[in-house]
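Asks: Each number in the numbering used here corresponds to the 1-based position in the sequence shown with 683 added.
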Amino acid sequence: MQSNPNKYNIKFQEALAGLNPEQLAAVNKMDGPVLVIAGPGTGKTQILAARIGKILTDTDALPSEILCLTYTDAGAVAMRKRLFEFIGPDAYRINIYTFHAFCNEVIQENLEYFGKLNLEPLSDLESAMLFRELVDEFPNDHDLKRFTGDVYYDVTRLKDLFSTMKRENWDEAFIKKAIDEYIDDLPNRDEFIYKRANAAKGIKIGDPKQKDIDAARETMKKLLAAVGEYQKYSAKMKDRGRYDYDDMIIWVLKAFRENPEILRRYQERYHYILVDEFQDTSGSQNELLKFLLNYWETPNVFVVGDDDQSIFKFQGANMKNILDFANDYVSTLSTVVLKHNYRSNQHILDISKALIANNNERLTRQLSLDKDIRAAHNRFEKNAIHPVIREYENPNKELVDVALSIEKLIADGTPPGEIAVIYRNHNQVEDLIHFLDVKNIAVNTRRKIDILAVPFGEKIITILRYLAMELDSPYSGDNLLFEILHYDFFNIPPIEIAKASIAVSKENFSTAANNQSKTSLRRYITELRAPAQRGLFDTVQQDEMKYLINNIEYLLKEAVSTTLQQLFQSVISKMGILKFIMHQPDKGSYMQMLTNFFDFLKDESRKSPEIKLSQLLETIDLMKKNGIRLALNRVIYSDNGVNFLTAHGSKGLEFEHVFLIGCDKKTWDSKGRNRGFSYPDTLTQAVADDSSQKEESRRLFYVALTRAKQHLSISYAGADRNEKPQEASQFVGEIVAETNMLIEHPQVSDVDMMEFYATQFSEAEKPKVELLDTNYINQLLQNYTLSVTHLNNYLDCPLRFYFQCLIRVPSGKSPSATFGQAVHWALNKAFRWLKDDEDNFPSTEQFMKEFRWYMYRNRDSFTKEEFKLRNDYGEKILPSYYEQNIPTWNKVAVTERPIKNIEVKGVPIKGNLDKIEFVSKHATIVDYKTGKVKNAFKKLKGPDDDLPNGGDYWRQAVFYKILIDNDRSNDWDVTTTIFDFVEPDGDDYRKEKVVISDDDIKIVTDQITDVYSKILAHDFNTGCGKKECDWCHFVRSNFAQADDILSIVGEELDEE
684 MQSNPNKYNI KFQEALAGLN PEQLAAVNKM DGPVLVIAGP GTGKTQILAA RIGKILTDTD
744 ALPSEILCLT YTDAGAVAMR KRLFEFIGPD AYRINIYTFH AFCNEVIQEN LEYFGKLNLE
804 PLSDLESAML FRELVDEFPN DHDLKRFTGD VYYDVTRLKD LFSTMKRENW DEAFIKKAID
864 EYIDDLPNRD EFIYKRANAA KGIKIGDPKQ KDIDAARETM KKLLAAVGEY QKYSAKMKDR
924 GRYDYDDMII WVLKAFRENP EILRRYQERY HYILVDEFQD TSGSQNELLK FLLNYWETPN
984 VFVVGDDDQS IFKFQGANMK NILDFANDYV STLSTVVLKH NYRSNQHILD ISKALIANNN
1044 ERLTRQLSLD KDIRAAHNRF EKNAIHPVIR EYENPNKELV DVALSIEKLI ADGTPPGEIA
1104 VIYRNHNQVE DLIHFLDVKN IAVNTRRKID ILAVPFGEKI ITILRYLAME LDSPYSGDNL
1164 LFEILHYDFF NIPPIEIAKA SIAVSKENFS TAANNQSKTS LRRYITELRA PAQRGLFDTV
1224 QQDEMKYLIN NIEYLLKEAV STTLQQLFQS VISKMGILKF IMHQPDKGSY MQMLTNFFDF
1284 LKDESRKSPE IKLSQLLETI DLMKKNGIRL ALNRVIYSDN GVNFLTAHGS KGLEFEHVFL
1344 IGCDKKTWDS KGRNRGFSYP DTLTQAVADD SSQKEESRRL FYVALTRAKQ HLSISYAGAD
1404 RNEKPQEASQ FVGEIVAETN MLIEHPQVSD VDMMEFYATQ FSEAEKPKVE LLDTNYINQL
1464 LQNYTLSVTH LNNYLDCPLR FYFQCLIRVP SGKSPSATFG QAVHWALNKA FRWLKDDEDN
1524 FPSTEQFMKE FRWYMYRNRD SFTKEEFKLR NDYGEKILPS YYEQNIPTWN KVAVTERPIK
1584 NIEVKGVPIK GNLDKIEFVS KHATIVDYKT GKVKNAFKKL KGPDDDLPNG GDYWRQAVFY
1644 KILIDNDRSN DWDVTTTIFD FVEPDGDDYR KEKVVISDDD IKIVTDQITD VYSKILAHDF
1704 NTGCGKKECD WCHFVRSNFA QADDILSIVG EELDEE
């Protein structure tokens, strides 16, 4: 996998040669600010990547001195992929972040300043409770106080307002100033002045509309009252030790504003800055960019955007940022408009232009730009298909005709991945997806679901609820147990459950008559005995019930002496949940749901470390009561599937065939309920809300149209599902009015409709399952970077790597791992202390204080008994370890050093080093270990006949040297790694040294490239064969094909 610089240089030169004059002009402008207006299909990602390549080839800038900011994670992934095609492995060294990821990086690099580690993210439930508390505390004369009806009406409005204030970086004074300007100007505005006289009412032309003015003032008064609550909200967040997503940028802005040293560090670090999707940046994101640029009189900044594709205003996107950027650098700005479209044919571009020309808020007007986009792909010179507009009788006929069209396209050889169905709302396509599923046509789609409301999530909650009931009052949960026994996790025949239930009922009837205590379903099944002599036709179905009840008994015993996280880990295993998931055709979706539920459980445990199962269930009940979802973006993906996308989700994508469905007035033109506070235009610097909302919807329709390369179908139904007539969207009307397009009226046969109606009541046959889900793994491996932990896990057992590192089966926090992290935390703090105390280490008591703080903060990892034991053990061993090492520790060191964006022979790798000690440029890596040294000797050994791959610690030592050797941001020379054992060996504290040779580096480099290639090839189907391997045992126990999957297991056991 050795990279070939010459190969990538040739590719880059070929890419440059393929650029058109406008693209080349943008790429070649090395110095100063550049604004690129890149319409749909004009090669935005291409020029961003080419620009970075040009910087690296034509200047002396290092990859680490380039910063690229993108709007989404997907944009960051796409950018790095394209970069790799141009410049090869250097792509991994370029700093490519979303704005939030960049802020997180700043925070993590400056923890001494931010000190935010003791904060937790605010959950949706906590948010609902906090805002209700805020409303409850309104005094009686508060402008937002309600005494009847929905007294919490303003909760959502306040939440949205405060989020907007953070995103736009508005403070109370700024908003008040804008409101005052707005109110003062009301009498001068046309909409508040009478245009016609009315003698009967004494109104003259030019008189003010006093009622309207008074209403506007009242609206602004309520907005001011709401803004006045922001400080109370912030105080409540601080008291609770919570933060939300929008706070990260606010913290960094505050740091840049108040700490010139931190700001200067980032200003000087990045010599070239690029921003993608600039039209979608918010006010606070733009402010962040300005901080980075203000250091330079003429900054080297390259921003790419398109005002006509600004569709995320609901997330804070502010198109005004493009205008502000142009005005800030008016004297030095180079503006390039890309007008060559390489995606769509000219007919599609013409109707798109006719539509978007109806918008007033465009750069073509404000900056006098020519944005006449022309089709540039030579395939369209001979053949360009006209788009069509179709009106159907009703939505069902629309869906059926689209389905039949898709079916025919695929039958005629069109790759399904080149077909897209685009719509406004997910509920428009549920029946269509089901119809295609029955026809065995795979789909790709992404939608938000509520884990608490889907059957899989409800089953897990019911199991937890049953365990909680039984823990509180034994044998009290028979009603839930009866339901649980029927779950498809267990495959118990319903007839057997019915027999047991009837038997319990009969026995209880008998005991009640004799005034004896009742039995229960759990007790009855526990006491079931197999018949002394089984009949010829008798079944053994009772065994499954007994097995399940035995596992329930195990969980009830374990719940008394384990953490909630560890209990849930056992529930996953003992209740057949993981086995069930691995047998599902869409196991990726189920694993996502399980993992997200477990993350939620971990979050609740972290906030309340001694949380009980019953308290978790109370939280879930509260969430349901307040309409709070446990949301998950569920992905249904197939390598060969038709794409189903919302118009928002289609941005940045392209397809040969696009079906834009449901284009009726109600779906696209209705304003929707605007329950938020109204902002004055003096604050937003934008047109009135109604007009702005209409223009944003038109931009969204424009984005959907311009996803099509050659074939575009726009459709709507002339009547809704209740046969009530409905109009086409205004946007369809605008296209028809400005072009020569005619509306078609396709007919759908009764036979085809009968087939569709029949599918509404049938259940599709499920495909045969396999252990590995190729599509799911492909998603997980996007942008994958190899760490030494993953390398070790794969070499130990590929199945272990698959389950633990890739699909990440939920597991509770390990007490021993948390103890080790607490030690690492305290040692890191000790070395950070040197800078603030004239090169002196902190006292032993201060060192131990840091250890205790981390242990207490993460006490959800322990039971009460474990927490005490681990704390006591730390108090016993750590003071003497610390005091013994203080006199000899090298103070010239860096600690907790993350090393990333590294590439070795085409493999991206990363790592986090505990400590690096220096003598001049000679560096020694130090890794702390909290296990016993006697258990580490095998792990420290290099490769030999007994251990051909070498030990994990040996490999870790070599891996870290490879990381540093390939980190071009330093010139350190590493020859040695020391493993520093914190636990004593008798009375001694041991250090073990690993001296690294060139042969060691070659061996581990080969292991890196070999394992990485196997991971990308999905080579996980061979187990390690060790008897103690839980994952080999799991696969052998639960999969019919395990004999093939784990053939090596049998071979090794035979050899024994």
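In this text, a Cβ means the ideal position worked out from N, Cα and C, and glycines have one as well.
Here's a check: name, in chain order, each residue in its chain whose Cβ is nearer than 8 Å to the Cβ of arginine 1289, leaving out the five neighbours to either side.
Replies: Translated into the one-based positions of the sequence shown, residue 1289 becomes position 606. Excluding sequence neighbours, arginine 1289 sits near Glu803, Asn1541 and Asp1543.
Asks: Find the nearest neighbour of leucine 1388 within the set Cys1346, Pro1429, Ala1640 and Pro1408, judged by alpha-carbon distance.
Replies: Numbered from 1 along the sequence shown, position 705 holds the residue referred to as residue 1388. For leucine 1388, the nearest C-alpha among the options comes from Cys1346.
Asks: Looking at the structure shown, is glycine 1614 part of a helix, part of a strand, or coil, going by DSSP?
Replies: Locating residue 1614 in the sequence shown gives position 931, where the first residue counts as 1. The answer is coil: DSSP assigns glycine 1614 none of H, G, I, E or B.
Asks: Below 8 Å, can you find three or more Cβ-Cβ pairs linking the region 720-732 to the region 748-767?
Replies: The region 720-732 vs the region 748-767: in contact.
Asks: Taking Cβ to Cβ, would you say aspartate 1269 is nearer than 8 Å to threonine 1457?
Replies: On the sequence shown, residue 1269 is found 586 positions in, with the first residue counted as 1. On the sequence shown, residue 1457 is found 774 positions in, with the first residue counted as 1. No, they are not a contact pair.
Asks: Compare the Cα-Cα distances from glycine 1185 to each of Phe1172, Asp1161, Lys1240 and Phe1173 and report the closest residue.
Replies: Here residue 1185 refers to the residue found at position 502 of the sequence shown. For the record, residue 1185 in the displayed sequence is isoleucine; it is not glycine. Ranking the options by Cα distance to isoleucine 1185, first place goes to Asp1161.
Asks: Find the nearest neighbour of phenylalanine 1263 within the set Thr1202, Glu792, Arg829 and Ile1143, judged by alpha-carbon distance.
Replies: Here residue 1263 refers to the residue found at position 580 of the sequence shown. Residue Ile1143 is the option with its Cα nearest to phenylalanine 1263.
Asks: Starting from the Cα of threonine 1128, find the closest Cα among Val1137, Val1112, Phe1139 and Glu1301 and give me that residue.
Replies: Along the sequence shown, one-based indexing puts residue 1128 at 445. Residue Val1112 is the option with its Cα nearest to threonine 1128.
Asks: Please tell me whether alanine 721 and leucine 1046 are closer than 8 Å, where the distance is taken between their beta carbons.
Replies: In the sequence shown, the residue the question calls residue 721 occupies position 38. In the sequence shown, the residue the question calls residue 1046 occupies position 363. No, the Cβ-Cβ distance between alanine 721 and leucine 1046 is not below 8 Å.
Asks: Mark aspartate 1629 as exposed unless 16 or more other C-beta atoms lie within 10 angstroms of its C-beta, in which case mark it buried.
Replies: Counting from one through the sequence shown, the residue named residue 1629 turns up at place 946. That one is exposed.
Asks: State whether the region 1300-1315 contacts the region 808-820, with contact taken as three or more CB pairs (one from each stretch) at a distance under 8 Å.
Replies: These segments touch.
Asks: Near tyrosine 1170, what residues of its chain come up, given a Cβ to Cβ distance below 6 Å and the 5 sequence neighbours on each side ignored?
Replies: Stepping through the sequence shown from its first residue, residue 1170 is reached at position 487. The residues are Lys1142.
Asks: Is the region 1500-1514 touching the region 770-780 in the sense that three or more CB pairs, one from each, lie closer than 8 Å?
Replies: These segments do not touch.
Asks: Taking lysine 1348 and glutamine 1413 to be in contact with their CB atoms under 8 Å, please state how far apart those CB atoms are, rounded to whole angstroms.
Replies: Residue 1348 sits at position 665 when you count from the first residue of the sequence shown. Residue 1413 sits at position 730 when you count from the first residue of the sequence shown. Indeed they touch by this definition, with Cβ atoms about 7 Å apart.
Asks: For the beta strand (DSSP E) that glycine 1594 lies in, which residues bound it at each end?
Replies: Here the question's residue 1594 lines up with position 911 in the sequence shown. 1590-1602 is the extent of the beta strand (DSSP E) around glycine 1594.
Asks: Is it buried or exposed, glycine 726, if we count other Cβ atoms within 10 angstroms and call 16 or more buried?
Replies: Taking the first residue of the sequence shown as 1, we reach residue 726 at position 43. That one is buried.
Asks: I'd like to check one pair, glycine 736 with serine 1017: are the Cβ atoms closer than 8 Å?
Replies: In the sequence shown, residue 1017 corresponds to position 334, counting from 1. In the sequence shown, residue 736 corresponds to position 53, counting from 1. For serine 1017 and glycine 736, no; Cβs fall outside 8 Å.
Asks: Note down the Cα distance separating asparagine 1279 from isoleucine 1608, rounded to an integer number of angstroms.
Replies: Locating residue 1279 in the sequence shown gives position 596, counting from the first residue. Locating residue 1608 in the sequence shown gives position 925, counting from the first residue. In a straight line, the C-alpha of asparagine 1279 is about 36 Å away from that of isoleucine 1608.
Asks: Just the C-alpha distance for alanine 700 and histidine 783, rounded to the nearest angstrom, thanks.
Replies: Numbered from its first residue, the sequence shown carries residue 700 at position 17. Numbered from its first residue, the sequence shown carries residue 783 at position 100. Taking the straight line joining both Cα atoms gives about 35 Å.
Asks: Could you have a look at asparagine 1127 and say whether DSSP puts it in helix, strand or coil?
Replies: Start at 1 with the first residue of the sequence shown, and residue 1127 comes out as number 444. Strand, per DSSP.
Asks: Per DSSP, which residues does glycine 988 bridge with? Please list them.
Replies: Within the sequence shown, numbered from 1, the residue matching residue 988 stands at position 305. In the DSSP output, where bridge partners are listed per residue, glycine 988 has Ile720.
Asks: Leucine 975 and tyrosine 949 look like a contact to me (Cβ under 8 Å); what is the Cβ gap, rounded to whole Å?
Replies: Here residue 975 refers to the residue found at position 292 of the sequence shown. Here residue 949 refers to the residue found at position 266 of the sequence shown. So it is a contact: roughly 6 Å between Cβ atoms.
Asks: Mapping DSSP to helix, strand and coil, what is lysine 1583?
Replies: As a working note, residue 1583 is residue 900 in the sequence shown. Three-state result, lysine 1583: strand.
Asks: Which whole runs of the alpha helix (DSSP H) in the region 1368-1428 are 4 residues long or more, in chain order?
Replies: Those alpha helix (DSSP H) runs which fall completely within the region 1368-1428 and span 4+ residues are 1372-1388 and 1413-1421.
Asks: If you run the structure through DSSP and keep just helix, strand and coil, what is threonine 1546?
Replies: As a first step, residue 1546 must be located in the sequence shown, where it is residue number 863. In the structure shown, threonine 1546 sits in coil (DSSP, three-state: anything other than H, G, I, E or B).
Asks: Alpha carbon to alpha carbon, how far is lysine 1617 from leucine 936?
Replies: Stepping through the sequence shown from its first residue, residue 1617 is reached at position 934. Stepping through the sequence shown from its first residue, residue 936 is reached at position 253. One C-alpha to the other measures close to 50 Å.
Asks: So for tyrosine 1106, helix, strand or coil by DSSP?
Replies: The sequence position of residue 1106 within the sequence shown is 423, counting from 1. In this structure, tyrosine 1106 counts as strand in the three-state DSSP scheme.
Asks: Between which two residues does the beta strand (DSSP E) containing isoleucine 1326 stretch?
Replies: As a first step, residue 1326 is located in the sequence shown; it is residue number 643 there, counting from the start. One point to set straight first is that residue 1326 is asparagine, not isoleucine, in the sequence displayed. Note, asparagine 1326: beta strand (DSSP E), 1325-1329.
Asks: Candidates Leu1164, Leu1135 and Val1071: which alpha carbon is nearest isoleucine 1311's?
Replies: As a first step, residue 1311 is located in the sequence shown; it is residue number 628 there, counting from the start. When only C-alpha atoms are compared, the closest one is Leu1135.
Asks: Could you check how far apart the C-beta atoms of aspartate 1352 and proline 1078 are, in whole angstroms? I think they sit under 8 Å.
Replies: In the sequence shown, counting from the first residue as 1, residue 1352 sits at position 669. In the sequence shown, counting from the first residue as 1, residue 1078 sits at position 395. The pair is not a contact, with the Cβ atoms about 17 Å apart (cut-off 8 Å).
Asks: For phenylalanine 1662, write down the residues that DSSP places opposite it in a beta bridge.
Replies: Against the sequence shown, residue 1662 aligns to sequence position 979. Answer by DSSP bridge pairing, in chain order: Asp1610 and Glu1675.
Asks: Just verifying my parser: in three-state terms, what is the DSSP assignment at valine 1112?
Replies: Here the question's residue 1112 lines up with position 429 in the sequence shown. Residue state, collapsed to three classes: coil.
Asks: Do three or more CB pairs link the region 1097-1106 to the region 1337-1345 at distances below 8 Å?
Replies: Judged by Cβ distances under 8 Å, the region 1097-1106 makes contact with the region 1337-1345, as three or more pairs qualify.
Asks: From what residue to what residue does the alpha helix (DSSP H) around cysteine 786 run?
Replies: Here the question's residue 786 lines up with position 103 in the sequence shown. Cysteine 786 -> alpha helix (DSSP H) spans 782-792.
Asks: Measuring alpha carbon to alpha carbon, tell me which residue in Asp1668, Leu1204 and Pro1177 is nearest serine 1188.
Replies: To locate residue 1188, count along the sequence shown from 1; it is residue 505. It is Leu1204 whose Cα lies nearest to the Cα of serine 1188.
Asks: Quick check on DSSP: helix, strand or coil for tyrosine 1075?
Replies: For the purposes of this step, residue 1075 is identified with residue 392 of the sequence shown, where counting begins at 1. The answer is strand: DSSP assigns tyrosine 1075 an E or B state.
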